[in-house]
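Heads up, the sequence shown stops at 1349 in this note's numbering, and the numbers go up one at a time, no gaps. I have placed the structure first, in the form of structure tokens, so that the comments after it can refer back to it.
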Amino acid sequence: MESFIAGLPKVELHLHIEGTLEPELAFALAERNGITLPYADVADLRVAYDFSNLQSFLDLYYQGAGVLQTEQDFYDLTWAYLMRCRQDRVMHTEIFFDPQTHLERGIDFATVIGGIHSALVAGRKTLGVSSCLIMCFLRHLSEESAFETLEKSLPFKAWIDGVGLDSSEVGNPPHKFTRVFAKARELGFRAVAHAGEEGPASYIWDALDVLKTERIDHGVRCVEDPLLVARLTAERIPLTVCPLSNLKLRVFDSMADHNILELLDKGVCVTVNSDDPAYFGGYMNDNYQALADSLMASKEQLRRLALNSVEACWLPEKEKDVLR
Ligand code: ADE
Ligand code: ZN
């Protein structure tokens, strides 16, 4: 099974670039930038990666991002992830970034996107890994702050394929961002949103009907609403599911309880993704392997999951055919 997974051509659709910051790189960047981390060493930092829910993870994740200061830092971060893509046979990836996390710390939009974009260009050329870039709004901040971020992104619009919505879900429903998503779509951005990770199924309806998103990030709580599952199935609305993330953030008590195969067998377009792999203990192959180990996923099911990602990605149809 391991070699089958390693050889399977994969597409990743749910990956926060800030969530690929491995402790080793965090320490290297801290040293380069004269920053002292509140951890003795790499092992000490890894020990802190013990989360009880989404918020306990986010607190550490936003703190970790503090070592990212220069364009070169964002380049190095993105490049390290793209090298992992090649290692895991990820042929195409659609990457989230959180500009507000960096703008709030006084880092320019140009510094953040300049580093990420240059690495993506080099990744296409040197590693043969194609990519899209999705700018996320932090949902614990105001819609006004999201509008300011959208405004700052406009000089770089050609490098950004879509907008997304992430951070603390419960209490921050998608409709809080109705106007900024409408504006973004009017400007030509595609739209996705995290919904139904910790939040209820109603947030998924909200993302689809109010924000008019074309995919749902996570979405696993859709099972609480049979009408919603019927709609996702009928319209082939993709869910970008993240098994190891769901386990680490205790969305499911154990991997054996995960509902991804149940959704797959119901005809929902579910896909496998790594979310924040440096924090959750695994990249793409590890996420596929977890489904084989704990849910007894068959090769045929894993292949269907990989094909769903090809269907759900934003590549032109001609380029998708090469991945099937
Ligand atoms: N930001 C990074 N990872 C996230 C997740 N799993 N949910 C919400 N926001 C995030
Ligand atoms: Zn996510």
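Note that beta-carbon positions come from the ideal geometry of N, C-alpha and C, so glycine has one too. Quantities reported herein were computed from a predicted structural model and do not represent experimental measurements.
How many angstroms separate the CA atom of Leu1269 from the CA atom of Leu1079? 13 Å
Given the structure, does Asp1191 come close to ligand 1, in the sense that its CB is under 7 Å from one of the ligand's heavy atoms? yes
Do the CB positions of Thr1045 and Tyr1106 come within less than 8 Å of each other? Going by beta carbons, Thr1045 and Tyr1106 fall inside the 8 Å limit.
Alpha carbon of Arg1341 to alpha carbon of Ile1120, nearest angstrom: Note that residue 1341 corresponds to Pro in the displayed sequence, not to Arg. Answer to the nearest angstrom: the Cα atoms are 17 Å apart.
Just to confirm my understanding: we take Leu1253, look at its own chain, exclude 5 residues before and 5 after, and list those with CB closer than 7 Å. What are they? The residues are Ala1226, Ile1229, Trp1230 and Cys1247.
Could you tell me the distance, in whole angstroms, from the CA atom of Ile1185 to the CA atom of Phe1122? 10 Å
Can you tell me the Cα-Cα spacing of Gly1139 and Met1321, whole angstroms? 42 Å
Measuring CA to CA, which of Asp1346, His1127, Ile1159 and Val1245 is closest to Phe1206? Among Asp1346, His1127, Ile1159 and Val1245, the Cα nearest to that of Phe1206 belongs to Ile1159.
Residue span of the alpha helix (DSSP H) that contains Asp971, given as start and end: In this structure the chain extends from 1026 to 1349, so residue 971 is not present and cannot be described.
For Leu1070, collect the residues of the same chain with a Cβ closer than 6 Å to its Cβ; drop the 5 residues on either side in sequence, then sort them by chain order. Pro1048 and Tyr1064
Going by DSSP, what residue range makes up the alpha helix (DSSP H) through Phe1181? Per DSSP, Phe1181 belongs to no alpha helix (DSSP H) and is neither H nor E.
Taking the Cβ atom as the reference point for each residue, do Arg1149 and Ser1156 lie within a distance shorter than 8 Å? yes
Buried or exposed: where does Arg1240 fall if 16 or more other Cβ atoms within 10 Å of its Cβ makes it buried? buried
Does ligand 1 have even one heavy atom less than 7 Å from the beta-carbon of Gly1091? Not under cutoff, so the answer is no.
Ignoring anything shorter than 3 residues, give me the beta strand (DSSP E) runs that lie fully in the region 1256-1329, in order along the chain. 1264-1266 and 1295-1297
Looking at the structure shown, is Cys1161 part of a helix, part of a strand, or coil, going by DSSP? strand
Give the straight-line distance between the Cα atoms of Leu1330 and Ser1193, rounded to the nearest whole angstrom. Distance from the CA atom of Leu1330 to the CA atom of Ser1193, rounded to whole angstroms, is 27 Å.
Heavy atom of ligand 1 less than 7 Å from the Cβ of Asp1301, yes or no? yes
Quick check: is any heavy atom of ligand 2 less than 7 Å from the C-beta of Asp1242? yes
My output table needs one value for Arg1114: the three-state DSSP class, helix, strand or coil. coil
Element boundaries [alpha helix (DSSP H), containing Leu1040]: Taken as a continuous stretch (DSSP letters only), Leu1040 belongs to no alpha helix (DSSP H), being part of the beta strand (DSSP E) at Lys1035 to His1041.
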